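According to my numbering, the sequence shown is numbered sequentially starting from 200.
C-beta: ideal position from N, C-alpha, C; glycine also.
Bear in mind the structure is a predicted one, so any value in this text is a computation, not a measurement.
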Amino acid sequence: MIEEKEQESVTAGHTAGRTVIHTDVREEPLSVDEVVAAVTHQSAGGIALFIGVVRDHDHGRSVTALDYSAHPSAAELLAKVAEDIAEAHPDVVAVSAVHRVGALTVGDLAVVVGASAPHRAEAFAACRAFIDTLKAQVPIWKREEFADGDHEWVGC
């Protein structure tokens, strides 16, 4: 479910005085272009992105796939995190995060987070805070599948 809205900024960091928020948790493949489009604005001179990709190893073990699961409240909590980031970073023009759930293979995009601001420093700060807070507060877990047939739950 895609969540989009505008939030009044504590201080007007751009011409509209609002932060655009776009979030989603879904099974369909993610698009970097979707997040870039969601945070692009004429008053934003900088866009920062974090792209989480399924890698082929973890702690020295060969990973073949991941299976992400989300609590039913995950989409709502992701939107709340976005609102909190917008409030904590008043110069930010827009924030966006999309997280995939379900079966993913090596190379698939698992999460894409973006933030835009008039200048790069605030965009980078907001983007980093967004992904760090998302990982800490949004109930999304992954099951790692290893080449030896073993598996392990992470984030539970």
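Specify, as a first and last residue, the run of the beta strand (DSSP E) that residue i falls within.
| i | result |
| --- | --- |
| E282 | Counting along the chain, E282 falls outside any beta strand (DSSP E), though it belongs to the alpha helix (DSSP H) covering A273 to A287. |
| E343 | I339 to F345 |
| E351 | H350 to V353 |
| D223 | R217 to R225 |
| D307 | It is not in any beta strand (DSSP E) - D307 carries neither H nor E in the DSSP assignment. |
| R260 | R260 to A269 |
| A296 | A293 to R299 |
Using beta-carbon positions only, say whether residue i and residue j come within less than 8 Å of one another.
| i | j | result |
| --- | --- | --- |
| A264 | D290 | no |
| A224 | A274 | Correcting the residue type first, residue 224 is Val in the shown sequence and not Ala. Yes, the pair counts as a contact, with Cβ atoms nearer than the cut-off. |
| V280 | L333 | yes |
| L276 | V337 | yes |
Using only the alpha-carbon positions, how far apart do residue i and residue j sit?
| i | j | result |
| --- | --- | --- |
| S261 | D307 | 16 Å |
| G348 | H270 | 26 Å |
| L248 | R254 | 18 Å |
| C326 | L303 | 23 Å |
| A346 | I246 | 37 Å |
| L229 | Q241 | 24 Å |
| E282 | A322 | 15 Å |
| V311 | E227 | 13 Å |
Here's a check: name, in chain order, each residue in its chain whose Cβ is nearer than 8 Å to the Cβ of residue i, leaving out the five neighbours to either side.
| i | result |
| --- | --- |
| V252 | G306, D307, L308 and A309 |
| H256 | V262 |
Please go through the same chain and pick out, in chain order, the residues whose beta-carbon is closer than 7 Å to the beta-carbon of residue i, but skip the five residues on each side of it.
| i | result |
| --- | --- |
| E233 | V297 |
| G244 | P317 and H318 |
| I250 | V231, L308 and V311 |
Keeping to the same chain, check which residues put their C-beta closer than 6 Å to that of residue i; ignore five residues upstream and five downstream.
| i | result |
| --- | --- |
| R342 | D266, H350 and W352 |
| S295 | H221, V234, A237, V238 and G313 |
| E344 | T263, A264 and H350 |
Quick one: measure Cβ to Cβ for residue i and residue j, integer angstroms, because I've assumed they're closer than 8 Å.
| i | j | result |
| --- | --- | --- |
| V300 | S268 | 6 Å |
| I284 | A328 | 6 Å |
| G354 | I330 | G354 to I330, Cβ: 14 Å. No contact. |
| H288 | A324 | 6 Å |
Would you kindly report the start and end of the unbroken alpha helix (DSSP H) that includes residue i?
| i | result |
| --- | --- |
| V234 | V231 to V238 |
| I335 | Sequence check: residue 335 is Ala here, not Ile. From DSSP, the alpha helix (DSSP H) with A335 extends over R319 to Q336. |
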